[in-house]
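The structure appears right after this line, and notes come after that.
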Amino acid sequence: MRIGLIAIDGCFGSAIASIIDIVRVAEGARRDVDPRIDPIELAILGPKRRVTTTASMTLSVDHPLSESGEFDVVVVPALGTLTAAATNDVLQSRDARSVIASLGRLDEATTRIAAACTGVFAVAETGRMHHRRATTSWFLGPEFLRRYPTVALDLDTMVVVDGNLVTAGAAFAHIDLALSLVRSISPDLAQHVAKLLIIDERPSQAAFVAYEHLRHEDPIVVEFERFVRARLDEPFNITFVAQSLGTSRRTLERRVRAALNLTPLGFVQRLRIERARHLLATTDLTSAEIALRVGYANAETLRSLLRRERRRSRPIAMP
453 MRIGLIAIDG
463 CFGSAIASII
473 DIVRVAEGAR
483 RDVDPRIDPI
493 ELAILGPKRR
503 VTTTASMTLS
513 VDHPLSESGE
523 FDVVVVPALG
533 TLTAAATNDV
543 LQSRDARSVI
553 ASLGRLDEAT
563 TRIAAACTGV
573 FAVAETGRMH
583 HRRATTSWFL
593 GPEFLRRYPT
603 VALDLDTMVV
613 VDGNLVTAGA
623 AFAHIDLALS
633 LVRSISPDLA
643 QHVAKLLIID
653 ERPSQAAFVA
663 YEHLRHEDPI
673 VVEFERFVRA
683 RLDEPFNITF
693 VAQSLGTSRR
703 TLERRVRAAL
713 NLTPLGFVQR
723 LRIERARHLL
733 ATTDLTSAEI
743 ALRVGYANAE
753 TLRSLLRRER
763 RRSRPIAMP
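The sequence shown begins at 453 in our numbering and counts up one residue at a time.
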């Protein structure tokens with residue numbers, strides 16, 4: 453497999469370094485795991501001969517962007533931004549526009565595109581994600597949905613695979629992205645690399661999502677979250693909640709959907725599961741007692757939902 457890693461000035465240094473290290477460890481270990489595994493080559497692609505990352509790491513570019521189509525996989529790492537405004541600014545820069553143009557010219561039949569964090573924005577700019585599943589940094593979800601409303605955004609999953617398009621979540625999900633690429637070559641090799649580097653499995657971003665921070669721009673959604681968090685042990689009645697917040701049911705449903713990409717009930721269920729997991733980990737309460745504290749009549753209902761969430765957040769196998 454030939455992997456082309458795109459780098460532009462200001463890209464996230466640890467993202468570049470983690471991908472390079474994981475791929476090179478995989479190449480070094482592949483013969484020991486299975487001598488039949490083909491060599492893994494990684495090269496740096498970019499619009500300039502040398503680029504500097506956020507960590508002041510200087511990289512020599514091996515190939516110009518015009519040669520991206522010669523690689524089996526092209527990886528777009530984080531752009532080095534932490535806010536929606538900064539990300540939008542970078543997307544308008546000359547280097548980023550060059551990257552977007554080169555991605556748009558790739559033949560999906562021969563070249564897989566992989567991206568993580570804000571790098572997913574660059575791929576979405578090409579239009580390739582229209583009506584496809586993807587993920588990105590959880591805290592930039594609202595801006596992503598605003599810019600690319602036709603993308604089926606999944607902020608729970610760490611790595612999402614949709615055909616020849618692979619996306620990963622926030623900055624250190626580059627580790628998960630790199631491992632997923634190695635897994636597509638050999639599951640045994642990926643497992644060996646994870647053990648060598650002591651990389652724990654992190655199938656979901658959900659544990660890291662702070663919804664009130666994520667969606668603070670919408671006051672109705674913020675108040676909705678505060679209201680239901682204080683009453684998770686009570687039955688959920690959306691009409692009553694909407695009236696309590698001084699809005700209509702239809703408005704509440706629309707605003708929650710726009711901000712969270714969830715129905716109000718779906719969001720309440722996420723909050724209940726989040727609270728249940730916290731209580732399971734930090735208290736000696738029984739399952740039945742926890743179920744009552746998060747609004748479920750019996751423990752089996754809660755256990756069933758927890759099992760379903762675990763199954764849903766498992767990594768998707770690479771094709």
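Where a beta carbon is used, it is the ideal one built from N, C-alpha and C, also for glycine.
Where DSSP assigns a beta bridge to residue i, which residues make up the other side?
i    : result
T619 : A567 and V612
S512 : R502
I455 : L494 and V525
L629 : L629 pairs with nothing; no bridge assigned.
Is the beta carbon of residue i sitting closer than 8 angstroms to the one on residue j?
i    : j    : result
V413 : L543 : Any question about residue 413 goes unanswered here, given that the chain covers just 453 to 771.
S739 : A749 : no
R727 : L684 : yes
V611 : V603 : no
L558 : G521 : yes
T715 : R709 : yes
D736 : V485 : no
I455 : L494 : yes
V525 : R476 : no
A630 : I460 : no
C569 : F464 : yes
F688 : V720 : yes
Expressed to the nearest angstrom, what Euclidean distance is found between the alpha-carbon atoms of residue i and residue j?
i    : j    : result
V746 : A733 : 15 angstroms
T510 : R502 : 7 angstroms
W590 : K500 : 30 angstroms
G532 : E741 : 45 angstroms
A467 : A553 : 22 angstroms
G462 : P529 : 11 angstroms
I627 : R488 : 25 angstroms
P516 : G498 : 5 angstroms
D606 : A620 : 10 angstroms
V774 : Y600 : For residue 774 there is no data in the structure shown, the boundaries of the chain being 453 and 771.
D670 : K647 : 43 angstroms
I505 : F676 : This sequence places Thr at residue 505; Ile is not what is there. Each residue's alpha carbon lies about 40 angstroms from the other.
N540 : A622 : 17 angstroms
P491 : I472 : 15 angstroms
A537 : S550 : 20 angstroms
R667 : L754 : Note that R667 scores 41 on pLDDT, short of 50, meaning its location in the model is unreliable and no value can be drawn from it.
Less than 7 angstroms separating the Cβ of residue i from some heavy atom of the ligand SAM?
i    : result
E493 : Here there are no bound small molecules, and the ligand SAM is not part of this structure.
Could you check if residue i is buried or exposed, using at least 16 other CB atoms within 10 Å of its CB as the buried criterion?
i    : result
I650 : exposed
S518 : exposed
P594 : buried
T588 : buried
D774 : Since the first residue of the chain shown is 453 and the last is 771, residue 774 is not available in this structure.
S512 : exposed
L608 : A quick correction: the sequence has Asp, not Leu, at residue 608. D608 comes out buried.
R482 : buried
S470 : buried
E774 : Nothing can be reported for residue 774: it is not among the residues displayed for the chain, which extend from 453 to 771.
F679 : exposed
H583 : exposed
S632 : buried
> Is there contact here, the stretch 695-702 with the stretch 717-727, by at least three beta-carbon pairs under 8 angstroms?
Replying inline: no
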